[in-house]
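S.K.: Mapping of the sequence shown onto the numbering used here: position 2 corresponds to residue 2, and the numbering continues sequentially without gaps.
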Amino acid sequence: MAWRYECGPCGVTTGWLPKGQASAKRDEHRDTVHPGMIPTVEVFESNARPIAKDPAALRMWAVIAAVCLLAWIIQIIR
1 MAWRYECGPC GVTTGWLPKG QASAKRDEHR DTVHPGMIPT VEVFESNARP
51 IAKDPAALRM WAVIAAVCLL AWIIQIIR
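#1: Among all the DSSP beta bridges, which residues are the ones paired with Trp3?
#2: Have a look at Gly11, Gly20, Met1 and Leu58 and flag the residue whose alpha-carbon is nearest the alpha-carbon of Pro39.
#3: Taking 7 Å as the limit between beta carbons, can you name the residues of its chain near Asn47, skipping five residues before and five after?
#4: In terms of residues, what are the limits of the alpha helix (DSSP H) holding Cys68?
#5: Near Phe44, which residues of its chain fall below 6 Å by C-beta distance, leaving aside the five closest residues on each side in sequence?
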């Protein structure tokens with residue numbers, strides 16, 4: 001997993017780096033460009049995909065829901 005930092009006010013962006021390096025770049029940028037303050041808008045994000053946005057995971061949960069609903073309907077009919 002990689003991380004990147006983006007400073008909103010001045011648009012500086014790092015590439016995808018290990019978390020420690022991206023954090024160090026963020027601290028270095030704050031110290032040199034914005035000394036004594038934290039920029040109002042910053043992005044510090046990873047490139048890991050959340051499971052909730054994974055199409056395969058969403059399909060899996062849809063199938064599970066459909067099977068549960070079908071089982072419930074069959075149980076009511078009997």
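Beta carbons are placed, not taken as given, at the ideal position from N, Cα and C, and that holds for glycine.
For clarity, every value in this text was computed on a predicted model and none was experimentally measured.
M.R.: Reading from the atomic positions:
#1: By 1-based counting over the sequence shown, the position of residue 3 is 3. Partner(s): Leu17 and Ser46.
#2: In the sequence shown, residue 39 corresponds to position 39, counting from 1. Among Gly11, Gly20, Met1 and Leu58, the Cα nearest to that of Pro39 belongs to Gly11.
#3: Here the question's residue 47 lines up with position 47 in the sequence shown. Within the same chain, Asn47 has close Cβ partners Met1, Ala2 and Trp16.
#4: On the sequence shown, position 68 is the one that residue 68 refers to. Counting along the chain, the alpha helix (DSSP H) containing Cys68 begins and ends at Pro55 to Ile77.
#5: Taking the sequence shown and counting its residues from 1, the one referred to as residue 44 is at position 44. Tyr5.
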